[in-house]
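Visitor: Chains as they are written, first to last, in my numbering: chain E, -7 to 193; chain U, -7 to 193; chain S, -7 to 193; chain H, -7 to 193.
Number of protein chains: 4
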Amino acid sequence: MPRGRPKNTEARREQIVEGLLDVIAEHGYDGASIVAIARAAGLAPGGVHYHFKTKQDVLIALASRLGDTLRRRWELRMSDAGPDPLVRLDAFIDAHLALQGSADPRAVAAWVVIAAESLRRPEVRSAYAAVVDERLTTLRSLCGECLREQLGSAHGAAAAAAAILAAIEGAYALATAAPQSIPPGTAAPTIRKMARSLLTA
Amino acid sequence: MPRGRPKNTEARREQIVEGLLDVIAEHGYDGASIVAIARAAGLAPGGVHYHFKTKQDVLIALASRLGDTLRRRWELRMSDAGPDPLVRLDAFIDAHLALQGSADPRAVAAWVVIAAESLRRPEVRSAYAAVVDERLTTLRSLCGECLREQLGSAHGAAAAAAAILAAIEGAYALATAAPQSIPPGTAAPTIRKMARSLLTA
Amino acid sequence: MPRGRPKNTEARREQIVEGLLDVIAEHGYDGASIVAIARAAGLAPGGVHYHFKTKQDVLIALASRLGDTLRRRWELRMSDAGPDPLVRLDAFIDAHLALQGSADPRAVAAWVVIAAESLRRPEVRSAYAAVVDERLTTLRSLCGECLREQLGSAHGAAAAAAAILAAIEGAYALATAAPQSIPPGTAAPTIRKMARSLLTA
Amino acid sequence: MPRGRPKNTEARREQIVEGLLDVIAEHGYDGASIVAIARAAGLAPGGVHYHFKTKQDVLIALASRLGDTLRRRWELRMSDAGPDPLVRLDAFIDAHLALQGSADPRAVAAWVVIAAESLRRPEVRSAYAAVVDERLTTLRSLCGECLREQLGSAHGAAAAAAAILAAIEGAYALATAAPQSIPPGTAAPTIRKMARSLLTA
DNA sequence: CATGAATGAGCTTTCATTCAT
DNA sequence: CATGAATGAAAGCTCATTCAT
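The following block contains the structure:
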């Protein structure tokens, strides 16, 4: 039974990850110096390194936190979606394009940054790939269900899942870097329509 | 008749941009130090700054060069595509996903880096947005033609164009950062199929 | 009771300014690289930028420190000078030309460098002008007192103050750049004499 | 007897020195890169080094050109001044403070820059000191004449000359870096008055 | 004579990381 | 646990100078 001051490591780590999220959303990853992250988290610079070995580790933690958020958001919508796999697919797309106002623009910006950073740092790439893979696995099984129900075979589920996720990720990127390119409110319905076309005759 | 040393700025700029392309493909933008770019271009470090004011300017030049390449590649395929707008749309998608082996993996990696960098530097964003806008304009007019022919009205062309471009851009990102997520050879046909679904009844 | 490492910024800033003073005196501002300043202050190069945003800020801090020193030195002499404004004026000139051996040749060299640098950098110019203005204000009021007492009107005080300060500043410059041009020990008495001629009938 | 193209070296050197004068006046010595000097002189960068071994040599040439100008200006005024040494002294001061509109503000700015640069570069210091020494020699002999005529002995001429030149040089510095400190039109008359006080009973 | 490309040493500045307090 | 001073290895950039043309 531990004595003395209770640990607040987890809370602090969360604070720091949240600080990074804020700073990335406002200044990009370049502006996310340790000092800036610390300030946003209400700590001194040294504190960040007390709780994370490197700055990269903070980014990795952020990546997996964003993954958790996506999973939770999808699970939430799933419980309302009923058994129809096509409806569940719609729920997946909506969860990721965050239709009903629950989107966190900070998260979108951060996710694009993580995608970019993953090009450079293998460790970040692993974290990014882990989230992508989990999304893909989910999506592939959804696509498989649809295809089996519609066409009797799950053939093509992987390709469909990849294309749908590509459209989602691409929508993030365009929304962030060239927002004027997407007519407001069209992203989710259009991608839903594209998705259905892959899964129905 | 001019005396003195002849100008070679254009050739050198091209060399430097090419050097950046090489270095980005291998080490990402972070690894693309001026020294590395210069070495790849066969110059001393100062040489890069003789021909470009800042490192960012090299990246911007690279962005517009990639845009030129895309445009040229599409124009090439267009001449073979005939008058059917749906076929021309396929040509567009193929040109961008570079089916028949003419793809430059360096270019894909660099483009993703530019997209990421455009989040941080407004000037890069302008260059990125310029290329995106040109692609979108082309795509929107293609979509418009298809829709008018198929459905009698161009309504929805902008949303369709954005979604298709999102899928293309997302495919770049996934291909770069999580290559195992896309079954080989499926990207272009799947996206072609999705695109058609938006433009036909 | 604060935890953590205690702040020592003020002391360090003072050390760094002192380091700059040393280096300027020996090698001029051109020789005053950040590395040299840091070494003179007993720090690593990064340390200077931890306590000052830019190198220029160190120079500005030095300017205002030199101004403080001048003011203190004059206040010291003032307390001995008695009420006669002409004697107080003598005290001003002596304080600035540092008769009784309290002169800091480093300070003179640095001041000339600051004057020169103020031609190039607006921010340095502001700092320089602030010191000059304070000296001028003091001097003008001294001249005004003298003139009122001697001639019944303070007319001409501003012109007299400017000329006296010009002579002082010029003496710094000549002493630094062409020391042989001033017969030793003559600067202060000669300028005192010139000053009196402006303030008496 | 030389054949072929006539040399235009002297003219080119003059052009380059003039270019430096322009650039210093506008951007200070820091802004006076070889490229900027060359551009102001209508040459390519290499041209400057064809005519001058180093950039410093251009500055030195400028220093002696400014000295020549001062000498010529004084000689001109001297011819109008008549035999009275006090009047000739006034002419000297006026020549240097350039009363009747013949002042070149570029020259004043450049001279202050040269004074500053002379602190750093021994070679520049020599050039600066040469001009100062010539002025001082002239001034000393003028002061000597005055003193002998007024007081029967030239004693104190050197100190007087130094103080007068200090006031002139200081006026340049103040006029350049803190122009508001000198009431317009007062510099020359006030310094003339100060000078006379040193040379008369 | 003149050009302008090219060099490379030098600079200031940033910043992740370490560590004494 | 936490602070914040300090480090030192980069980085981008400038520029006098050289030299092929």
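Quick reminder that beta carbons are idealized off the backbone N, C-alpha and C, glycines included. Treat the numbers as computed from the prediction; the structure is a model and nothing was measured.
From the DSSP output, in three-state form, read off Asp82 (chain U) for me.
Guide: The residue given as residue 82 (chain U) occupies position 90 in the second sequence. In this structure, Asp82 (chain U) counts as helix in the three-state DSSP scheme.
Visitor: My understanding is that Leu134 (chain E) touches Leu81 (chain E), with C-beta atoms under 8 angstroms, so please give their C-beta distance in whole angstroms.
Guide: Here residue 134 (chain E) corresponds to residue number 142 of the first sequence, with the count starting at 1. Here residue 81 (chain E) corresponds to residue number 89 of the first sequence, with the count starting at 1. Indeed, because the Cβ distance is near 5 angstroms, the residues count as touching under 8 angstroms.
Visitor: List, in chain order, every chain E residue whose beta-carbon is nearer than 7 angstroms to that of Ser189 (chain U).
Guide: Within the second sequence, residue 189 (chain U) is the residue found at index 197, counting from 1. Neighbours of Ser189 (chain U) on chain E, chain order: Lys185, Met186 and Ser189.
Visitor: Does the beta-carbon of Ser145 (chain U) have 16 or more other beta-carbons within 10 angstroms, so that it is buried, or is it exposed?
Guide: On the second sequence, position 153 is the one that residue 145 (chain U) refers to. Under this definition Ser145 (chain U) is an exposed residue.
Visitor: Contact defined as beta carbons within less than 8 angstroms: I believe Ala152 (chain U) pairs with Ala155 (chain E). What is the distance between those atoms, to the nearest angstrom?
Guide: Position 160 of the second sequence, counting from 1, holds the residue named residue 152 (chain U). Position 163 of the first sequence, counting from 1, holds the residue named residue 155 (chain E). The Cβ separation is near 15 angstroms, so there is no contact.
Visitor: On the DSSP letters alone, give me the boundaries of the alpha helix (DSSP H) that Gln7 (chain S) sits inside.
Guide: Sequence index remark: in the third sequence, residue 7 (chain S) carries index 15 (1-based). From DSSP, the alpha helix (DSSP H) with Gln7 (chain S) extends over Thr1 to Gly23.
Visitor: Is it buried or exposed for Thr61 (chain H), if we count other Cβ within 10 angstroms and need 16 for buried?
Guide: Here residue 61 (chain H) is taken as the residue at index 69 of the fourth sequence, counted from 1. Thr61 (chain H) should be labelled exposed.
Visitor: Give the residues from the segment 162 to 177 of chain U that approach chain E closer than 7 angstroms (Cβ to any Cβ), ordered along the chain.
Guide: If the cut-off is 7 angstroms between Cβ atoms, the segment 162 to 177 of chain U has Gly162, Ala163, Ala165, Leu166, Thr168, Ala169, Ala170, Ser173, Ile174 and Pro175 near chain E.
Visitor: Using only CA atoms, which one of U:Ala102, U:Asp86 and U:Gly39 lies nearest to Leu22 (chain U)?
Guide: Numbered from its first residue, the second sequence carries residue 22 (chain U) at position 30. Sequence inspection shows Asp at residue 22 (chain U); the Leu mentioned does not correspond to that position. Comparing Cα positions, the closest option is U:Ala102.
Visitor: Name the residues in the segment 19 to 36 of chain U whose C-beta lies less than 8 angstroms from a C-beta of chain E; which are they?
Guide: His19, Gly20, Tyr21, Asp22 and Gly23
Visitor: For Glu137 (chain H) and Val27 (chain H), what's the separation of their Cα atoms in angstroms?
Guide: If you number the fourth sequence from 1, residue 137 (chain H) lands on position 145. If you number the fourth sequence from 1, residue 27 (chain H) lands on position 35. When rounded, the distance between both Cα atoms is 48 angstroms.
Visitor: Could you tell me if Ala167 (chain U) is buried or exposed, where buried requires 16 or more neighbouring beta carbons within 10 angstroms of its beta carbon?
Guide: Position 175 of the second sequence, counted from the first residue, corresponds to residue 167 (chain U). Answer is buried; the Cβ neighbour count reaches 16.
Visitor: Mind checking if Leu81 (chain S) is an interface residue toward chain H, Cβ cutoff 7 angstroms exclusive?
Guide: Locating residue 81 (chain S) in the third sequence gives position 89, counting from the first residue. It does not: the Cβ of Leu81 (chain S) has no partner Cβ on chain H nearer than 7 angstroms.
Visitor: Would you mind telling me which residues of chain H sit closer than 9 angstroms to Tyr120 (chain S), beta carbon to beta carbon, in chain order?
Guide: As a first step, residue 120 (chain S) is located in the third sequence; it is residue number 128 there, counting from the start. Those within 9 angstroms of Tyr120 (chain S) in chain H are Ala169 and Ala170.
Visitor: Rounded to whole angstroms, what is the Cα-Cα separation between Arg184 (chain H) and Ala17 (chain H)?
Guide: In the fourth sequence, residue 184 (chain H) corresponds to position 192, counting from 1. In the fourth sequence, residue 17 (chain H) corresponds to position 25, counting from 1. The straight-line gap from Cα to Cα measures roughly 27 angstroms.
Visitor: Output the distance between the C-alpha atoms of Arg5 (chain E) and His43 (chain E), rounded to the nearest integer angstrom.
Guide: As a working note, residue 5 (chain E) is residue 13 in the first sequence. As a working note, residue 43 (chain E) is residue 51 in the first sequence. Taking the straight line joining both Cα atoms gives about 6 angstroms.
Visitor: For my contact list, His147 (chain E) and Leu139 (chain E) are in at a C-beta cut-off of 8 angstroms; report their separation, rounded to the angstrom.
Guide: Locating residue 147 (chain E) in the first sequence gives position 155, counting from the first residue. Locating residue 139 (chain E) in the first sequence gives position 147, counting from the first residue. Confirmed, Cβ separation roughly 7 angstroms.
Visitor: Mapping the DSSP letters down to three states, classify Gly93 (chain U) as helix, strand or coil.
Guide: On the second sequence, position 101 is the one that residue 93 (chain U) refers to. Because Gly93 (chain U) carries a pLDDT of 48, less than 50, the predicted location of this residue cannot be relied on, and the following value inherits that uncertainty. Gly93 (chain U) falls in the coil class under three-state DSSP.
Visitor: Excluding the 5 residues preceding and the 5 following Gly93 (chain E) in the sequence, name in chain order all residues of the same chain whose CB lies nearer than 7 angstroms to its CB.
Guide: Counting from one through the first sequence, the residue named residue 93 (chain E) turns up at place 101. Reliability fails at Gly93 (chain E), whose pLDDT of 48 lies under 50, so the model's placement of it is uncertain and the value that follows must be treated cautiously. Excluding sequence neighbours, Gly93 (chain E) sits near nothing in its chain.
Visitor: For Ala119 (chain U), which residues from the same chain have a beta carbon less than 7 angstroms from its beta carbon, with the 5 sequence-adjacent residues on both sides left out?
Guide: The residue given as residue 119 (chain U) occupies position 127 in the second sequence. Ile52, Ala55 and Ser56, listed in sequence order.
Visitor: Cα separation between Pro97 (chain H) and His41 (chain H)?
Guide: Taking the first residue of the fourth sequence as position 1, residue 97 (chain H) is located at position 105. Taking the first residue of the fourth sequence as position 1, residue 41 (chain H) is located at position 49. When only Cα atoms are considered, Pro97 (chain H) and His41 (chain H) end up about 27 angstroms apart.
Visitor: What's the gap between the Cα of Leu128 (chain E) and the Cα of Arg(-3) (chain U)?
Guide: The residue given as residue 128 (chain E) occupies position 136 in the first sequence. The residue given as residue -3 (chain U) occupies position 5 in the second sequence. Using only the alpha carbons, I get a separation of about 58 angstroms.
Visitor: Tell whether a beta-carbon distance below 7 angstroms holds between Ala180 (chain H) and Ile106 (chain H).
Guide: Sequence index remark: in the fourth sequence, residue 180 (chain H) carries index 188 (1-based). Sequence index remark: in the fourth sequence, residue 106 (chain H) carries index 114 (1-based). Cβ atoms of Ala180 (chain H) and Ile106 (chain H): not closer than 7 angstroms.
Visitor: Can you list, in chain order, the residues of the segment 56 to 87 of chain E whose Cβ is nearer than 9 angstroms to any Cβ on chain U?
Guide: none
Visitor: Leaving out five residues before and five after Leu131 (chain H) in sequence, what residues of the same chain have Cβ atoms less than 7 angstroms from its Cβ?
Guide: Counted from its first residue, the fourth sequence places residue 131 (chain H) at position 139. These residues qualify, in order along the chain: Phe84, Ala153, Ile156 and Leu157.
Visitor: Measure the alpha-carbon distance for Tyr164 (chain H) versus Val104 (chain S) and round it to whole angstroms.
Guide: Stepping through the fourth sequence from its first residue, residue 164 (chain H) is reached at position 172. Stepping through the third sequence from its first residue, residue 104 (chain S) is reached at position 112. Straight-line Cα distance between these residues: approximately 13 angstroms.
Visitor: Going by DSSP in three states, Ser133 (chain E) sits in which element: helix, strand or coil?
Guide: Numbered from its first residue, the first sequence carries residue 133 (chain E) at position 141. The answer is helix: DSSP assigns Ser133 (chain E) an H, G or I state.
Visitor: Along chain E, which residues have their Cβ under 7 angstroms away from the Cβ of Ser110 (chain U)?
Guide: Position 118 of the second sequence, counting from 1, holds the residue named residue 110 (chain U). Within chain E, the residues near Ser110 (chain U) are Ala169.
Visitor: Have a look at Met(-7) (chain E) and Arg63 (chain E) and give me their C-alpha separation to the nearest angstrom.
Guide: Position 1 of the first sequence, counted from the first residue, corresponds to residue -7 (chain E). Position 71 of the first sequence, counted from the first residue, corresponds to residue 63 (chain E). For Met(-7) (chain E), the pLDDT reaches just 37, beneath the cut-off of 50, and the residue's location in the model is therefore unreliable, although a value from the coordinates is still provided. Roughly 34 angstroms separates the two Cα atoms.
Visitor: From what residue to what residue does the alpha helix (DSSP H) around Gln48 (chain E) run?
Guide: Working through the first sequence from its first residue, we reach residue 48 (chain E) at position 56. Lys47 to Ala73 is the span of the alpha helix (DSSP H), which, as asked, contains Gln48 (chain E).
Visitor: Which residues of chain S have a Cβ atom closer than 8 angstroms to the Cβ of Thr1 (chain H), listed in chain order?
Guide: Locating residue 1 (chain H) in the fourth sequence gives position 9, where the first residue counts as 1. Per Cβ cutoff of 8 angstroms: no residues; Thr1 (chain H) is ~30 angstroms from chain S at best.
Visitor: Nearest-angstrom Cα distance between Ser173 (chain E) and Asp125 (chain U)?
Guide: Locating residue 173 (chain E) in the first sequence gives position 181, counting from the first residue. Locating residue 125 (chain U) in the second sequence gives position 133, counting from the first residue. Counting only the Cα atoms, Asp125 (chain U) lies some 7 angstroms from Ser173 (chain E).
Visitor: If you check the beta carbons only, do Ala30 (chain U) and Gly39 (chain U) fall under 7 angstroms apart?
Guide: Numbered from 1 along the second sequence, position 38 holds the residue referred to as residue 30 (chain U). Numbered from 1 along the second sequence, position 47 holds the residue referred to as residue 39 (chain U). Between Ala30 (chain U) and Gly39 (chain U), the CB-CB gap stays under 7 angstroms.
Visitor: Taking the continuous alpha helix (DSSP H) assigned at Thr182 (chain H), which residues delimit it?
Guide: Along the fourth sequence, one-based indexing puts residue 182 (chain H) at 190. Note, Thr182 (chain H): alpha helix (DSSP H), Ala179 to Leu191.
Visitor: Nearest CA to the CA of Gln7 (chain E): which residue from E:Val50, E:Ser25 and E:Ala24?
Guide: One-based indexing of the first sequence puts residue 7 (chain E) at position 15. Measuring from the Cα of Gln7 (chain E), the nearest candidate turns out to be E:Val50.
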